[in-house]
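Q: Be aware that the sequence shown starts at 0, since it is given in numbering that gives the first Met the number 0, and climbs by one per residue. C-beta atoms are modelled at their ideal positions from N, C-alpha and C, and glycine is treated no differently.
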Amino acid sequence: MTVTEQNMANAIRALAMDAVQAANSGHPGMPMGMADVATVLFSDFLKYDPQAPKWADRDRFVLSAGHGSMLIYSLLHLTGYARPTLQDIKDFRQLSSPCAGHPENFKLEGVETTTGPLGQGFATAVGMAVAERHLNAVFGDDLVDHKTWVVAGDGCLMEGINHEAVGLAGHLGLGRLNVLWDNNGITIDGKTDLSTSEDIPARYRASGWHVVSCDGHDFDDIRKALSEAEADPRPSLIACKTIIGFGAPTKQGTAATHGAPLGDEEIAGTRVALGWEHKPFIIPEDILTSWRQLGAKGAAVRADWEGRLSGHAQAGEFQRRMAGDLPDDGAMQDYLAGLAKDPPKWATRKASEMALGAITAVLPEMIGGSADLTGSNNTKTPSTKPLTKDDYSGRYIYYGIREFGMAAAMNGMALHGGIIPYGGTFLVFTDYCRGAMRLSAIQNARAIYVMTHDSIGLGEDGPTHQPIEHIQSLRLMPNMHVYRPADAIETAECWALAIKRSDGPSTLALTRQGLPPLRSDVSTNLCEKGAYRLKAAESEKRVVLVATGSEVSLAMDVAAKLEAAGVGADVVSMPCAELFDGQSDDYRNELLGGDAILRVSIEAGTTFGWERYTGLNGLRFGIDSFGASAPIDDLFAHFGLTVDAITPQILKKIG
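1. To the nearest angstrom, report how far apart N377 and H452 are at their CA atoms.
2. Quick check on the burial criterion: 16 or more other C-beta atoms within 10 angstroms. Buried or exposed for T1?
3. For G567, which three-state DSSP category applies?
4. Could you tell me which of P200, A636, S68 sits nearest to G25, measuring between CA atoms?
5. If you draw a straight line from the C-alpha of G581 to the C-alpha of A530, how long is it?
6. Can you check the segment 461-504 for any alpha helix (DSSP H) of at least 4 residues that lies completely inside it and give the ranges in chain order?
7. Tell me, please, which residues DSSP counts as bridged to T424.
8. So, does the CB of M7 fall closer than 8 Å to a CB anywhere in chain B?
9. Which residue from H257, L618, V427 puts its Cα closest to that of D153?
10. Using CA atoms only, rank isn't needed, just tell me which of D43, L62, R233, M33 is closest to Q292.
11. Roughly how many angstroms lie between the CA atoms of K499 and A238, to the nearest whole one?
12. So T510 and G456 are in contact, right, with Cβ under 8 Å, and what is the actual spacing, rounded?
13. Whole angstroms is fine: what's the gap from V271's alpha carbon to A18's?
14. Alpha carbon to alpha carbon, how far is S196 from T112?
15. For T38, I'd like the list of residues in its chain whose CB is within less than 6 Å of its CB, leaving aside the five on either flank, ordered along the chain.
16. Would you list the one or two residues that DSSP bridges to D390?
17. Around the Cβ of L615, are there at least 16 other Cβ atoms within 10 angstroms (buried) or fewer (exposed)?
18. What residue range does the alpha helix (DSSP H) around I631 cover?
19. Name the DSSP beta bridge partners of H277, please?
20. Note the first and the last residue of the continuous beta strand (DSSP E) segment covering W148.
21. Taking the alpha-carbon positions, what's the A64 to A558 distance?
22. Go ahead and label E364 buried or exposed: buried means 16 or more other beta carbons lie within 10 angstroms of its beta carbon, across all protein chains shown.
23. Since G367 is in the beta strand (DSSP E), which residue starts that stretch and which ends it?
24. Which parts of the segment 100-159 are runs of the alpha helix (DSSP H), unbroken and 4 residues or longer, counting only runs that do not cross its ends?
25. Ends of the beta strand (DSSP E) at H209?
26. What is the rounded straight-line gap between the Cα of G163 and the Cα of T424?
27. Which same chain residues end up closer than 6 Å to G367 when comparing Cβ atoms and leaving out the 5 residues on each side of it in sequence?
28. Would you call the CB atoms of R301 and D58 closer than 8 Å?
29. Check the C-beta distance from L590 over to R518 and give it rounded, since I have them as a contact under 8 Å.
30. Start and end of the beta strand (DSSP E) containing S628?
31. Can you tell me whether I400 is buried or exposed? The criterion is at least 16 other CB atoms within 10 Å of its CB, across all chains shown.
32. Roughly how many angstroms lie between the CA atoms of S289 and A370, to the nearest whole one?
33. For A536, which residues in the same chain have their Cβ closer than 7 Å to its Cβ, ignoring the five residues on either side in sequence?
34. Go through its chain and collect everything with a Cβ distance to H145's Cβ below 8 Å, but skip five positions before and after it.
35. Of all the options G323, G592, F41, H66, which has the alpha carbon lying nearest to the alpha carbon of Q119?
36. Please list the terminal residues of the continuous alpha helix (DSSP H) segment that includes V361.
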């Protein structure tokens, strides 16, 4: 028989309801409701090749409504990606299956970004669209000419991050970004009118978007709307009016299909309603063949692109950037050598700016920005002119007061490839960025967070702006490297490590206040092991002082006073605890002096967690309350972070 679009869409519905039922867990309603829209998208609009999932000029497809993960798993399987296999889908949500509860980019090729926390897929897609426009401006249409397509639900559009992402995309005029809104009017609690009466299309239009609507179950109407969106120079919202759980005889259109299996009786009724007479997980050969033929169409388009690439004057540079490879780091070594000749007394935010100046001059893939704190974060350099809708070749984004949106967009740029993004705000506002920073870590995104004003050292702004607990909370995050450098040389070394890291994000916590130079030896990157001995004991060693950032110079002063009292003290600078934890037992034990030595930590933040290095019998100097508003010297004295406050306690402890 002739395979119709309805037959092909019903294959998605069948796989979705069968997989959720087998797992006794999942969200069948969204994939069943969006199956018709997805069929049109993958048939006529999306540029992809299942045989080359990482093809650089493919369209990016983002399932922002990640709870509906069976939509993308079904599409990947049907169009011919190597995985998921049918067995993978049968094992949906099981430990052995790459078909996780929400799509994860590190489990399946074809999944561009990890989604699930609502709104973040949408905001990440904004970063992907930025990356496409920037690389297009640099390399031209022959190498970079693709779109970003997003499926987003009502929840994605309600989340606060959506407002940030929509505003940024409209301001930058990202016309290659098209969002398919699954406008089914249902959330977990019930109908959306329980919680919102917002005029969503009006909000998007006011933000500079093109808006079009369609019947999400009328293939011709869907095709017409997507064509209109493609043609419009603005980012587009396509409002697809759908029925959640389409085909379920008693549950469609209700919250009952949102987050639970349909049940055997309802599934049997759905098969009758859809005219789907096949057993669970069985896709008829003619329908599967039609899907595979659609998937195969992209091979010729990719082959044409590869031909253009092979003859392109910038092919080597384009491939280097997309692979994430770095050129020779001689520029950083030259910069470090200059610092060593005349070590400056700089705030580490200033030291970061100077290091970035050297880095961005030789790494054109670096795109920076700040959430309205450019002059405070010191993230702009002479090499990074603004990226605007009139000039996408720029390398600096003024994000505005959109910390969460900035962090998510950075993820999108990193995952797109060809760009190493960095962005700044105050360290205390990692609270606003945290959801996206966590996703950076989960999905191994090469994003660099420049977080300044790292302690009570920012002074009079007071406790709301003083990040007492933030550094340790970020250190708790798996796969996040947190750097807190002590001077200009450590700052440059930490930047070098953050850039080289290709399998996860980094956070640089930087001071507002000036810090004295502590080192002049730049023959090797001493920060590379996470911690190193800055000063060896002169008298018999009895104490090891471990400090980070601005408190390393304080530790040096404490050590001098201890030595004057005949107590030998090592000083260990620990710019990155995560790297230190990865060193050998021998290195860590030798550096920390063994159990017979008193270990002391000094950091202007919570003491929580430092016992892993000091032991229970060690001393931990820090701040276990919120801060206060006062000049910096008064604050450090008030919280006992001075030589005169610390030294007597150490002497008393060692007797």
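A: So, from the listed chains and residues:
1. 11 Å
2. exposed
3. strand
4. S68
5. 11 Å
6. 469-474, 487-499
7. M450
8. The structure shown contains no chain B, having only a single protein chain.
9. H257
10. D43
11. 42 Å
12. 6 Å
13. 18 Å
14. 30 Å
15. E4, M7, A8
16. T387
17. exposed
18. 631-637
19. Per DSSP, none; premise fails for H277.
20. 147-152
21. 55 Å
22. buried
23. 365-369
24. 119-138, 153-157
25. 209-214
26. Note that residue 163 corresponds to Glu in the displayed sequence, not to Gly. In a straight line, the C-alpha of E163 is about 15 Å away from that of T424.
27. T378, T383, Y395, Y421
28. no
29. Contact doesn't hold; Cβ gap of about 16 Å is too wide.
30. It is not in any beta strand (DSSP E) - S628 carries neither H nor E in the DSSP assignment.
31. exposed
32. 47 Å
33. G567, A568, D569
34. K46, D56, R57, D58, R59, E131, R175
35. H66
36. 347-361
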